[in-house]
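The structure appears right after this line, and notes come after that.
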Amino acid sequence: MPASGAVSPSVPQPPGAHEVRFATFNTALERPEQGALAEELATPDSEQARNVAEIIQHVRPDVLLVNEFDYDEEGAGPRRFQDNYLSVGQNGAEPIEYPYVYTAPVNTGVASGVDLNGDGESVTEPGAPGYAEDAFGYGLFPGQYGMVVYSRYPILTSQVRTFQNFRWSDMPDAMLPTDPGTGEPYYSEEALEVLRLSSKSHWDLPIDTGRGRPVHLLASHPTPPAFDGPEKRNVARNHDEIRFWADYVRPRAGSYVYDDAGVRGGLAPGSRFVIAGDLNADPNDGDGHPEAVAQLLEHRDVVDVRPSSQGGRGAAGRQDGANGGHEGAPELDSADFADDPGPGNLRVDYVLPSRSLPARGSGVFWPTVDDPLFRLTGDYPFPSSDHRLVWVDVVR
Numbered sequence: 001m002p003a004s005g006a007v008s009p010s011v012p013q014p015p016g017a018h019e020v021r022f023a024t025f026n027t028a029l030e031r032p033e034q035g036a037l038a039e040e041l042a043t044p045d046s047e048q049a050r051n052v053a054e055i056i057q058h059v060r061p062d063v064l065l066v067n068e069f070d071y072d073e074e075g076a077g078p079r080r081f082q083d084n085y086l087s088v089g090q091n092g093a094e095p096i097e098y099p100y101v102y103t104a105p106v107n108t109g110v111a112s113g114v115d116l117n118g119d120g121e122s123v124t125e126p127g128a129p130g131y132a133e134d135a136f137g138y139g140l141f142p143g144q145y146g147m148v149v150y151s152r153y154p155i156l157t158s159q160v161r162t163f164q165n166f167r168w169s170d171m172p173d174a175m176l177p178t179d180p181g182t183g184e185p186y187y188s189e190e191a192l193e194v195l196r197l198s199s200k201s202h203w204d205l206p207i208d209t210g211r212g213r214p215v216h217l218l219a220s221h222p223t224p225p226a227f228d229g230p231e232k233r234n235v236a237r238n239h240d241e242i243r244f245w246a247d248y249v250r251p252r253a254g255s256y257v258y259d260d261a262g263v264r265g266g267l268a269p270g271s272r273f274v275i276a277g278d279l280n281a282d283p284n285d286g287d288g289h290p291e292a293v294a295q296l297l298e299h300r301d302v303v304d305v306r307p308s309s310q311g312g313r314g315a316a317g318r319q320d321g322a323n324g325g326h327e328g329a330p331e332l333d334s335a336d337f338a339d340d341p342g343p344g345n346l347r348v349d350y351v352l353p354s355r356s357l358p359a360r361g362s363g364v365f366w367p368t369v370d371d372p373l374f375r376l377t378g379d380y381p382f383p384s385s386d387h388r389l390v391w392v393d394v395v396r
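Residue numbers (our numbering): 1 to 396.
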């Protein structure tokens, strides 16, 4: 018998009549070749995609940001995932329909034309050694590790702002990396002339929840604070990608911001918003800058409702390794990373509403080992993703 939500404590109750469930889920549906994901989703046979879809069907978010879903210009991947997976009941779960979908180009795998990894050459041919490291965001091809938003509520596409092209050096007091040996800037002047802040993109998507003023979904997926050298360029970039939203939602602090259409300024004062995404930063553990995500968690206009799960607590204890030395509460973890040598399980995925959006419920979909839905998350090798879906219900 397929497990139903009624017998699983990891499945949340539906949101209230005047509530909207926002969620983020790094689905790990990226593939190593351009077009491979869309081709895979053309049939209903992908076991990983079926498991991802079933998780979504159990939690039933109203507005869902998906990270690590390869972008394709035709939108075939997102459409096929809806038609062949979300619209099909998985293991007895109820199908879910999202009439509104948004996706757009990202910086991953887009050739920068300059030397970004410091090896003395600029690689611009996809597939060549060093190409991914010299792209604006690490990727084997344009669009790898992309983003998609699925929504039951209208996305006000004419008001969407994207910030794919915003240059890192245009952020005041940017944390640009330096060579610790010489104290000189790590990036050349030529690189800083073109280097974009966002490793994927930053999106401001106004969602019409039916209550007059829209709720702005602020979506991103900052670079992991790892895979660099002593200059810690990815640690610095992760910090500033998160800082972008902290400035964007604070009146006047985002005056330096410009979007891809050339419009300047941050979010209008008084706007309601939800910041969501795999931010690749834990407030207590891991390799990130110690103040990176604190910029949001301690922000005067942001509320951290601390979504949690018993499965996360159980996994940390069961897997031990680096988890044994962590300072953060394991029930807040949202990703199951390598335990030996580390970094262990971390809290890196966030749904952070503005103070003007009262939160009524939240959680991390991480079933315990005795839960019938543990089969959807499991332990390594994961049947779905190494990340867990995080959700928050807000009064609309």
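No residue lacks a Cβ here, since even glycine has one placed at the ideal position from N, Cα and C. Quick caveat: nothing in here was measured; it's all calculated off a predicted structure.
query: How do the region 105-121 and the region 132-140 stand: do at least 3 beta-carbon pairs fall below 8 Å, yes or no?
result: Contact holds: three or more Cβ-Cβ distances are below 8 Å.
D278 burial status per 10 Å Cβ neighbour count (16 or more: buried): D278 is classed as buried because its beta carbon has at least 16 other beta carbons within 10 Å across all chains shown.
request  = Tell me, please, whether the region 304-324 touches the region 258-265 by the rule of three or more beta-carbon pairs shorter than 8 Å.
outcome  = The region 304-324 makes no contact with the region 258-265, as fewer than three CB pairs between them are under 8 Å.
Check: Can the beta-carbon of L332 be found closer than 8 Å to that of S362?
Finding: Cβ atoms of L332 and S362: not closer than 8 Å.
Just how far apart, CA to CA, sit P404 and V20? This structure does not reach residue 404, given that the chain is present from 1 up to 396, and the question cannot be answered.
Can you give the Cα-Cα distance for G181 and D228, rounded to whole angstroms? Roughly 15 Å between the two C-alpha positions.
| said: Just to confirm my understanding: we take G5, look at its own chain, exclude 5 residues before and 5 after, and list those with CB closer than 8 Å. What are they? | reply: Note that G5 scores 47 on pLDDT, short of 50, meaning its location in the model is unreliable; the coordinates nonetheless yield the value given after this. Excluding sequence positions up to five before and after G5, its CB lies within less than 8 Å of the CB of V11, H58, A93, all in the same chain and listed in chain order.
For A3, which residues in the same chain have their Cβ closer than 6 Å to its Cβ, ignoring the five residues on either side in sequence? Low confidence applies here, because A3 scores a pLDDT of 46, under 50, leaving its location unreliable; read the following figure in that light. Same-chain partners within the cutoff: P372, L373.
| field | C-alpha distance - P269 paired with S255, whole-angstrom precision | value | Cα to Cα, P269 sits roughly 12 Å from S255.
L389 in three-state terms, based on DSSP: DSSP, reduced to helix, strand and coil, places L389 outside both helices and strands of the structure shown, so it counts as coil.
Helix, strand or coil: which one does DSSP assign to R318? DSSP places R318 in helix when its eight states are reduced to three.
inquiry  = Rounded to the nearest angstrom, what separates A76 and A174 at their Cα positions?
reply    = Answer to the nearest angstrom: the Cα atoms are 37 Å apart.
Any beta carbon of chain B sitting closer than 8 Å to that of W391? Of the protein chains in this structure there is only one, and it is not chain B.
**Request:** Give the C-beta separation of P172 and A236 to the nearest angstrom, bearing in mind that I take them to be a contact with Cβ-Cβ under 8 Å.
**Result:** Contact flag wrong, Cβ pair sits at about 15 Å.
| message | Taking its Cβ as the centre, do 16 or more other Cβ atoms sit within 10 Å of E97, making it buried, or is it exposed? | response | Exposed.
Thinking C-beta only, is V303 closer than 8 Å to H18? No, Cβ-Cβ distance for H18 and V303 is not below 8 Å.
Query raised in the report: Between L192 and P105, what straight-line distance do the alpha-carbon atoms span, to the nearest angstrom?
Result: When rounded, the distance between both Cα atoms is 21 Å.
- Is there contact between the region 365-385 and the region 288-300, where contact requires at least three CB pairs shorter than 8 Å? Touching, no.
task = Can you say whether S151 is buried or exposed, counting buried as having 16 or more other CB atoms within 10 angstroms of its CB?
result = With 16 or more other Cβ atoms within 10 Å, it is buried.
task: Measure the Cβ-Cβ separation of P14 and R60 and say whether it is below 8 Å.
output: By the CB criterion at 8 Å, P14 and R60 fall inside the cutoff.
Euclidean distance between Cα positions of G127 and R50: Approximately 30 Å, taken between the alpha carbons.
Q. Applying the criterion that 16 or more other CB atoms from any shown protein chain within 10 Å of the CB defines a buried residue, is P381 buried or exposed?
A. P381 comes out exposed.
Taking the straight line between their C-alpha atoms, what separation do you get for K200 and D70? When only Cα atoms are considered, K200 and D70 end up about 11 Å apart.
If contacts are defined as beta-carbon pairs under 8 Å, then F163 and H202 qualify, I think. What distance do you get, rounded to the angstrom?
H202 and F163 do touch by the CB rule: their CB atoms are close to 4 Å apart, below 8 Å.
I'd like to confirm the pairing. Which residues does DSSP put opposite G324 in its beta bridges?
Partner(s): none; G324 has no beta bridge.
**Meets three-Cβ-pair contact criterion under 8 Å: the region 25-39 and the region 382-393** = Yes: the two stretches touch, three or more of their Cβ pairs being nearer than 8 Å.
Looking only at its chain, what residues have a beta carbon closer than 7 Å to the beta carbon of I427, apart from the 5 residues adjacent to it on each side?
A question about residue 427 goes unanswered here, because the residues of the chain that appear run from 1 up to 396.
TODO: Return the Cβ separation of L346 and G286 in integer angstroms, given the expectation that the two are a contact with Cβ distance under 8 Å.
DONE: Between L346 and G286 a beta carbon distance of about 5 Å is seen, short of the 8 Å cut, so the two are scored as contacting.
Q) Less than 7 Å between the CB of T209 and some heavy atom of the ligand COA, yes or no? A) Annotation note on the ligand COA: not contained in the displayed structure, which lists no ligands.
Could you check what DSSP says for T24 in three-state terms: helix, strand or coil?
Three-state result, T24: strand.
Quiz prompt | E289 in three-state terms, based on DSSP | solution = The sequence shown places His at residue 289, rather than the Glu named in the question. Coil.
- Message: Excluding the 5 residues flanking E40 on each side, which residues of the same chain have their C-beta closer than 8 Å to its C-beta?
- Response: Same-chain partners within the cutoff: R31, S46, A49.
Problem set entry | Cβ shell of S87 (< 7 Å), same chain only, five flanking positions each side left out | Once the five neighbours on either side are set aside, the close Cβ partners of S87 are P95, E97.
Of the listed residues D204, Q319, T43, E33, nearest to N84 (C-alpha basis): Among D204, Q319, T43, E33, the Cα nearest to that of N84 belongs to T43.
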